[in-house]
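To start, the structure itself, in structure tokens.
Residue numbers (UniProt numbering): 1 to 154.
The following block contains the structure:
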């Protein structure tokens, strides 16, 4: 499995795995377009409208059905609340599932800056959703912490 682009950690608090730091120097891709997070009733059918790039995630628990998808795909009338719009940042991967501290290293600078997030993971990588009004401060916080952010073209 290819290794993610990681640089040596500069922060002595950085998490490590196998003696090597993994929580600093992460490359993030900022995807074009906004995404939304929708909460539906737990017994709702899987939504057929949840399609498109850069990300679709449907997660069901006993209490809810959560949907993350492009904001343009969300119907105007739904039986639950909608949050967003969010900018979608993808950790360049694929990531080895044994790595530790990747999300912690990405979320710490945002928490320190008072920036709220919605984080999720897929089999290959991690995603951090940031309110679209906080994209510039989030990018600045990540860069100050030693991470790289690439804006992907439409």
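Ideal Cβ placement from N, Cα and C applies to all residues, glycine included. None of the values given here were measured: they were computed from a predicted structure.
Within 10 angstroms of its Cβ, does residue i collect 16 or more other Cβ (buried), or is it exposed?
| i | result |
| --- | --- |
| residue 98 | exposed |
| residue 141 | buried |
| residue 25 | buried |
| residue 129 | buried |
| residue 93 | buried |
| residue 126 | buried |
| residue 38 | buried |
Tell me, which residues are paired with residue i by DSSP?
| i | result |
| --- | --- |
| residue 60 | 65 |
| residue 88 | 129 |
| residue 70 | 35 |
| residue 27 | 148 |
| residue 40 | 65 |
Let me check understanding here. Comparing Cα to Cα, which of the options lies closest to residue i?
| i | options | result |
| --- | --- | --- |
| residue 96 | 130, 120, 136 and 124 | 124 |
| residue 136 | 153, 53 and 113 | 113 |
| residue 63 | 78, 42 and 82 | 42 |
| residue 145 | 122, 127, 107 and 100 | 107 |
| residue 156 | 78, 104, 87 and 36 | Any property of residue 156 remains undetermined from this structure, which presents the chain solely from 1 to 154. |
| residue 79 | 32, 45, 119 and 121 | 45 |
Which class does residue i belong to by DSSP, given the choice of helix, strand or coil?
| i | result |
| --- | --- |
| residue 143 | helix |
| residue 113 | coil |
| residue 149 | strand |
| residue 54 | coil |
| residue 32 | strand |
| residue 11 | Note that residue 11 scores a pLDDT of 38, beneath 50, so its modelled location is shaky; the value from the coordinates is reported in the next line. Coil at residue 11, not helix or strand. |
| residue 121 | strand |
| residue 137 | helix |
Compare the beta carbon distance of residue i and residue j with 8 angstroms and say whether it is the shorter of the two.
| i | j | result |
| --- | --- | --- |
| residue 102 | residue 91 | yes |
| residue 57 | residue 68 | yes |
| residue 30 | residue 150 | yes |
| residue 75 | residue 132 | no |
| residue 89 | residue 28 | yes |
So, does the CB of residue i fall closer than 8 angstroms to a CB anywhere in chain B?
| i | result |
| --- | --- |
| residue 99 | The structure shown contains no chain B; it is built from a single protein chain. |
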